[in-house]
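Scroll down for the structure; my scribbles are underneath it.
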Amino acid sequence: MTIQRMDNVAIVVDDLDAAVAFFTELGMELEGSAEIEGPWADQTVGLEGVVSEIAMMRIPDAPGRLELSVYRHPAVITPEPWPIPSNTLGLHRVTFAVDDIDDTLARLRPHGAEVLGEVAQYENIYRLCYLRGPAGIILALAEELG
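In my numbering, the protein residues as written are 1 to 146.
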């Protein structure tokens, strides 16, 4: 028995339209959206009375998807302290390889992106940075050099 693939990573957000706009600006495209509710949803996520909306984003011509979810019920829980620091247990970040990190940051800043430190260079291999995206999530950008 083997894993077939990693299908998607899900991120809970508080403003689905803003999150879709952010990831569209990054270069992803909306694959589809749906309202999620019912007994099967409750059973899957382990909550009662789930009512949510999802937007599935994909990278054109590449594997992997990002599922953006907004919960209408039960209410979203905001962890403390907020925003969470980079060393918080659990899902740490999602990294995207980009052609031009400076251009990508310039396009994402109007959508609320904030670089956590600064753009750093790892030897002559990568330029890297962490940034906050929608709902305070941490993303990383990596630009391969050479």
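Glycine is no exception: its CB is placed at the ideal position from the N, C-alpha and C atoms.
- Secondary structure remark: continuous beta strand (DSSP E) runs of at least 3 residues inside the region 4 to 78, in chain order: 8 to 12, 29 to 37, 51 to 58 and 65 to 73.
- Nearest neighbour of V51 by Cα position, chosen from R58, I36 and V45, turns out to be I36.
- Q121 and P39 have their C-alpha atoms roughly 49 Å apart.
- Residue pairing of I138 in beta bridges, as defined by DSSP: R132.
- For A106, the enclosing alpha helix (DSSP H) begins and ends at I101 to L108.
- Counted as a single uninterrupted DSSP element, the stretch harbouring T2 is not any beta strand (DSSP E), since DSSP gives it neither H nor E.
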